[in-house]
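Novice: First residue of the first sequence: 37, per my numbering; consecutive thereafter. Think of the CB as a built atom: it goes at the ideal place given N, C-alpha and C, for glycine as much as any other residue. Quick caveat, the model's predicted, so the values are computed rather than measured. One structure, pasted below without further comment.
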Amino acid sequence: MQHWLAKSEPDAWSWQQHLKKGVEPWTGVRNYQASNNMKEMKKGDLAFFYHSNIGKEIVGIMQVVKEYYPDPTDETGRFGMVDFKAVKSLKRPVTLAEIKSDPALKDMKLLRQSRLSVSFVTKSEWEHIIRLSEI
DNA sequence: GCCAACGTTGGC
DNA sequence: GCCAACGTTGGC
Numbered sequence: 037m038q039h040w041l042a043k044s045e046p047d048a049w050s051w052q053q054h055l056k057k058g059v060e061p062w063t064g065v066r067n068y069q070a071s072n073n074m075k076e077m078k079k080g081d082l083a084f085f086y087h088s089n090i091g092k093e094i095v096g097i098m099q100v101v102k103e104y105y106p107d108p109t110d111e112t113g114r115f116g117m118v119d120f121k122a123v124k125s126l127k128r129p130v131t132l133a134e135i136k137s138d139p140a141l142k143d144m145k146l147l148r149q150s151r152l153s154v155s156f157v158t159k160s161e162w163e164h165i166i167r168l169s170e171i
């Protein structure tokens, strides 16, 4: 099983909305790298939900429930998406500032490629962040 | 609101 | 195929 991180501006789509809705297609990605990452996702993979711009913190955990398929909101037909189910909130959000200041997380894609909206998370990074959220 | 980073477009 | 111009993302 692999781990991921997906960003959303809470103004556009928030974790609270996703929790209430349950399962939601991750529409709107218009970047090949991000789209390719979703293509790699398998049913059952887990992803962090990150609030960009407002909050700047990881707030929840989602699970891939439907693998890559075309994004109907993309008129060019180039980009696809997956469906994510909200699994649970972190006990405590883990902020970008914390991630930046943690040597164990300094290589995270989130930091290395700040504009990428769907990125890969290693198993050790994933576990580290879960541990931080439980402190 | 500004700006750095970076992706995309389009002319050549 | 290169690269300048432009647009977008996202942190600060």
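What residue range does the beta strand (DSSP E) around glutamate 60 cover?
Specialist: Unbroken beta strand (DSSP E) run through glutamate 60: 59-61.
Novice: Are valine 123 and alanine 42 touching if we call contact CB-CB under 7 Å?
Specialist: No, they are not a contact pair.
Novice: Going by the CB atoms, is the gap between valine 100 and lysine 75 shorter than 7 Å?
Specialist: No, the pair does not count as a contact, with Cβ atoms beyond the cut-off.
Novice: Nearest to arginine 167 by CA position, among Leu146, Asp119, Lys92 and Asp138, is which residue?
Specialist: It is Asp138 whose Cα lies nearest to the Cα of arginine 167.
Novice: Go to alanine 133, then tell me how far its alpha helix (DSSP H) extends in each direction, as first and last residue.
Specialist: That run of the alpha helix (DSSP H) goes 132-137.
Novice: Please determine, among Arg66, Leu141, Gln38 and Pro61, the residue with the shortest C-alpha to C-alpha distance to tryptophan 49.
Specialist: Answer by Cα proximity: Pro61.
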